[in-house]
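See structure below.
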Amino acid sequence: MKTAGIISAIAAVASATTVSYDEGYDQAGRALTVVSCSDGDNGLITKYGYQTQGAIPGFPLIGGSSDIAGWNSPQCGKCYQVTYNGNSINFVAMDHVAQGVNLSKEAMDRLTGGQAVAKGRVEATVTQVDVSQCGLTPKRSIEFNA
């Protein structure tokens, strides 16, 4: 029984996920107010102080994930590693998508060796990793004593 459980757990972690791209995520000046992870307690504006996509560390390694249910999701700002044909990239999830992962075109090109347009979408392994792997550190809060 334990062996079957371990095999099931490994299969769940290593299962393929559909990965595509959206050139909107390549726009450094695009305001974060247009994505799911804008403001709110879990938003990137609130949590890190970022106002545009280009302010996110590692830009343009950003995108959307179906793990993000919508606005203010606890999954906002999580870091994911995507592996395709032995090549891996890390990206910051900052938007909701209906299925799988949707990266910037540049991130998809890095993942596929410059084949984002030719491939359109691929099946890849996606694993959540520590946010430090994407260069994120929460902004410091300042407290004033009155």
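Under mature numbering (1 follows the signal peptide of the UniProt record, and there is no 0), residues -16 to -1, 1 to 130 are what the sequence shown spells out, in order.
Ideal placement from N, C-alpha and C gives every residue a C-beta, glycine not left out.
Take the alpha-carbon of N69 and the one of A82: they are about 24 angstroms apart. A straight line joining the alpha-carbon of V115 with that of V66 spans about 14 angstroms. Distance from the CA of L120 to the CA of A102, rounded to the nearest whole angstrom, comes to 31 angstroms. Assigned with DSSP and collapsed to three states, D25 falls in coil, not helix or strand. Taking the Cα of T2 as reference, the smallest distance to any Cα among R14, T17 and G84 is reached at G84. Boundaries of the alpha helix (DSSP H) around E90: K89 to T96. For V18, there is no enclosing alpha helix (DSSP H), as DSSP gives it neither H nor E.
If you draw a straight line from the Cα of N71 to the Cα of M78, it comes to about 22 angstroms. By the Cβ neighbour-count rule, A91 is buried, with 16 or more other Cβ atoms within 10 Å of its own.
If you ignore the 5 residues before and after T96, its C-beta comes within less than 7 angstroms of the C-beta of Y68, K103 and V106, all in its own chain and listed in chain order. Cα atoms of V19 and W55: separation of roughly 8 angstroms, rounded to the nearest angstrom. Considering only T109, R14, V110 and G98, the residue with the shortest C-alpha distance to F43 is R14.
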